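Below you'll find the structure, written out as structure tokens, and then a few comments.
Residue numbers (the numbering used here): 2 to 625.
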């Protein structure tokens, strides 16, 4: 029962509130400024002015927000641009984490675009509307106030006329009263003549007439004033105040519409922003650590097997000479290099320059060096990628083959198109001259033939690379492949051959030489660090072979003397250093007959720069 009573009371209260709201709305519709605020003209003028100022303030708020949105969008785009992957980072794009980051940047760029849409929409739709409405309202308010001031001026003028007529009537009435009193006294005075009494009578009659005229004028002005005042407060002024009311309601309604419109602009891009957020979440969820781990293995796996155990060498059961030679061969193979660059802490053994061309073996070595230099790719790798580990080499070759196959397909399509064009031209010469296509067709055939030759070549490289044993190609394993007087030497193609230590053991020709010609940095000349008049090297060095060179760690060389540059020299090849005319340098290795002298000078980083300069360009002074 109590619940029913409570439910009934709640329904009653809600119905009462609804009725009150309806009554308030009806009363507000019946109420107007002209009827209720007829005497508040000044306050209404101030109120309408403040309302338009508030509208202008909202417009300024929107302008500042548009500036913030534009700046935010610009900074987002700049952020995306600054964090775009660089050219050197493109190889990491295969990882899912990097792909997700790129997708994240794309979504953030789309977010920036949506902020720009919000900025432009607010500028074109809302701010322009607010500015136009404010301008219109100010003009209408000014006109309403001007009309109200004109009406008030007319009423004030009429009231002044009424006041003036009333004062005239009061003065005329007082004068007529005095004239009547004067006539009465003169008529009772027996000493006055008949003419004088008649004069007082005429004056009285005139004053009475003036009083009546003033009274009539006052009555007339009063009637006019009452009529104007009634019309002013019942019709004219309410009309002006109602116009101000409509103006203020228009401002208030516009305020509402603009605020809702700004929210609608924001809401219109919300679905797109939500999709951008979904894209970011999807990008994050696409990251797969296992897949990235597999790709790291796939990228860096060399295909080598770990080195085998190092065998024990029983010195009591081995020939001391073979042990010494084996140890020397092992240290030599560890220092073989494909570059002929010389540093301040490394000394390069070079072959006598005069004996190079006396041996067919050595000429073949030089030709192999030149061929190897010409076979390098643009990024410094060999054409067959034999300087890479087996797995990486096969992947590079497979990628190259796929690239060539794609180019062949494109070039085949281009050739077929040219052939069809030629057939059409031959069938209808008005469409074109078939000879103009002949040159392009020949060029396309030439390109296609060259691509097919390259494809066959790289397929051969891949087939050869697939046949190379993996375990014997490991650089670490080379250190351990010294058993029973045998040494393993790596070739440039990644294969290995066993050589018996019979005195003629030499490293592979193509793998042991520099890729440059007979310049000082090529390592094809003889280099010694002895004083003038010293010999050509020890017997142990000659036992290794005159057509090999190697690098070994030594202490910084003591200078043999000084030299002065007679001419300027620009270093144009690896291993040489530039010098200016008159510059003094230290001589650390004299000319061995190849026309080059090794020198050094101090640099700005408290170190030494050293290299070769032409002997004919300097004047040497050797120490005693």
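Beta carbons are placed, not taken as given, at the ideal position from N, Cα and C, and that holds for glycine.
Keep in mind that this is a model prediction, so the values were computed, not measured.
In the DSSP assignment, find the alpha helix (DSSP H) that holds residue i and state where it starts and stops.
{"i": "residue 248", "result": "238-286"}
{"i": "residue 132", "result": "129-189"}
{"i": "residue 620", "result": "Here residue 620 belongs to no alpha helix (DSSP H); instead the beta strand (DSSP E) covers 619-623."}
{"i": "residue 416", "result": "391-428"}
{"i": "residue 207", "result": "195-232"}
{"i": "residue 307", "result": "From DSSP, residue 307 is part of no alpha helix (DSSP H); its letter is neither H nor E."}
{"i": "residue 102", "result": "97-122"}
{"i": "residue 467", "result": "435-467"}
{"i": "residue 84", "result": "Run containing residue 84: none; DSSP gives neither H nor E here."}
{"i": "residue 311", "result": "Neither: residue 311 is in no alpha helix (DSSP H) and is coded neither H nor E."}
{"i": "residue 639", "result": "Residue 639 falls outside the range modelled here, since the chain spans only 2 to 625, and no answer is possible."}
Taking the alpha-carbon of residue i as reference, which of the options has the nearest alpha-carbon?
{"i": "residue 400", "options": "232, 411, 386 and 413", "result": "386"}
{"i": "residue 170", "options": "310, 35 and 220", "result": "220"}
{"i": "residue 43", "options": "290, 279, 109 and 145", "result": "145"}
{"i": "residue 296", "options": "96, 558 and 404", "result": "96"}
{"i": "residue 435", "options": "442, 278, 443 and 426", "result": "426"}
{"i": "residue 148", "options": "230, 579 and 237", "result": "237"}
{"i": "residue 571", "options": "468, 247, 613 and 596", "result": "613"}
{"i": "residue 175", "options": "577, 155 and 208", "result": "208"}
{"i": "residue 413", "options": "441, 398 and 431", "result": "441"}
{"i": "residue 293", "options": "33, 92 and 263", "result": "92"}
{"i": "residue 622", "options": "561, 584 and 604", "result": "561"}
{"i": "residue 404", "options": "432, 452, 62 and 192", "result": "452"}
{"i": "residue 201", "options": "186, 191 and 421", "result": "186"}
{"i": "residue 276", "options": "456, 443, 210 and 107", "result": "107"}
{"i": "residue 433", "options": "559, 444 and 421", "result": "421"}
{"i": "residue 227", "options": "567, 155 and 298", "result": "155"}
Just the C-alpha distance for residue i and residue j, rounded to the nearest angstrom, thanks.
{"i": "residue 76", "j": "residue 402", "result": "44 Å"}
{"i": "residue 406", "j": "residue 569", "result": "51 Å"}
{"i": "residue 479", "j": "residue 288", "result": "Confidence is the limiting factor: at residue 479 the pLDDT is only 40, short of 50, which leaves the residue's position unreliable, though a coordinate-based value still follows. Roughly 40 Å between the two C-alpha positions."}
{"i": "residue 184", "j": "residue 212", "result": "16 Å"}
{"i": "residue 395", "j": "residue 463", "result": "6 Å"}
{"i": "residue 214", "j": "residue 35", "result": "38 Å"}
{"i": "residue 60", "j": "residue 133", "result": "10 Å"}
{"i": "residue 611", "j": "residue 598", "result": "11 Å"}
{"i": "residue 331", "j": "residue 318", "result": "Low local confidence applies: a pLDDT of 43 at residue 331 is under 50, so the model's placement there is unreliable, with the coordinate-based value given in what follows. Going from the Cα of residue 331 to the Cα of residue 318 covers about 19 Å."}
{"i": "residue 620", "j": "residue 94", "result": "56 Å"}
{"i": "residue 624", "j": "residue 579", "result": "24 Å"}
{"i": "residue 601", "j": "residue 313", "result": "44 Å"}
{"i": "residue 137", "j": "residue 248", "result": "9 Å"}
{"i": "residue 307", "j": "residue 285", "result": "37 Å"}
{"i": "residue 151", "j": "residue 255", "result": "29 Å"}
{"i": "residue 259", "j": "residue 79", "result": "31 Å"}
{"i": "residue 460", "j": "residue 418", "result": "28 Å"}
{"i": "residue 88", "j": "residue 615", "result": "40 Å"}
{"i": "residue 389", "j": "residue 99", "result": "26 Å"}
{"i": "residue 465", "j": "residue 454", "result": "17 Å"}
{"i": "residue 232", "j": "residue 222", "result": "15 Å"}
{"i": "residue 102", "j": "residue 65", "result": "32 Å"}
{"i": "residue 304", "j": "residue 90", "result": "25 Å"}
{"i": "residue 191", "j": "residue 177", "result": "23 Å"}
Would you list the residues sitting across from residue i in a DSSP beta bridge?
{"i": "residue 602", "result": "610"}
{"i": "residue 570", "result": "580"}
{"i": "residue 597", "result": "615"}
{"i": "residue 661", "result": "With the chain represented from 2 up to 625, any question about residue 661 goes unanswered, as that position is not in the structure."}
Output yes or no for whether 9 Å exceeds the beta carbon distance between residue i and residue j.
{"i": "residue 225", "j": "residue 163", "result": "yes"}
{"i": "residue 563", "j": "residue 593", "result": "no"}
{"i": "residue 123", "j": "residue 70", "result": "yes"}
{"i": "residue 429", "j": "residue 302", "result": "no"}
{"i": "residue 270", "j": "residue 115", "result": "yes"}
{"i": "residue 446", "j": "residue 423", "result": "no"}
{"i": "residue 56", "j": "residue 135", "result": "yes"}
{"i": "residue 281", "j": "residue 118", "result": "no"}
{"i": "residue 52", "j": "residue 252", "result": "yes"}
{"i": "residue 49", "j": "residue 168", "result": "no"}
{"i": "residue 39", "j": "residue 242", "result": "yes"}
{"i": "residue 104", "j": "residue 291", "result": "no"}
{"i": "residue 565", "j": "residue 590", "result": "no"}
{"i": "residue 74", "j": "residue 120", "result": "yes"}
{"i": "residue 416", "j": "residue 449", "result": "yes"}
{"i": "residue 180", "j": "residue 218", "result": "no"}
{"i": "residue 617", "j": "residue 596", "result": "yes"}
{"i": "residue 63", "j": "residue 263", "result": "yes"}
Give the range of the beta strand (DSSP E) segment to which residue i is assigned.
{"i": "residue 589", "result": "585-590"}
Given the structure, does residue i come close to the ligand SAH, in the sense that its CB is under 8 Å from one of the ligand's heavy atoms?
{"i": "residue 113", "result": "As presented, the structure is devoid of all ligands, the ligand SAH included, so that no description of it is given."}
For chain C, check one thing: does any of its Cβ atoms lie closer than 9 Å to the Cβ of residue i?
{"i": "residue 74", "result": "Reference to chain C is not applicable here, since this structure consists of a single protein chain."}
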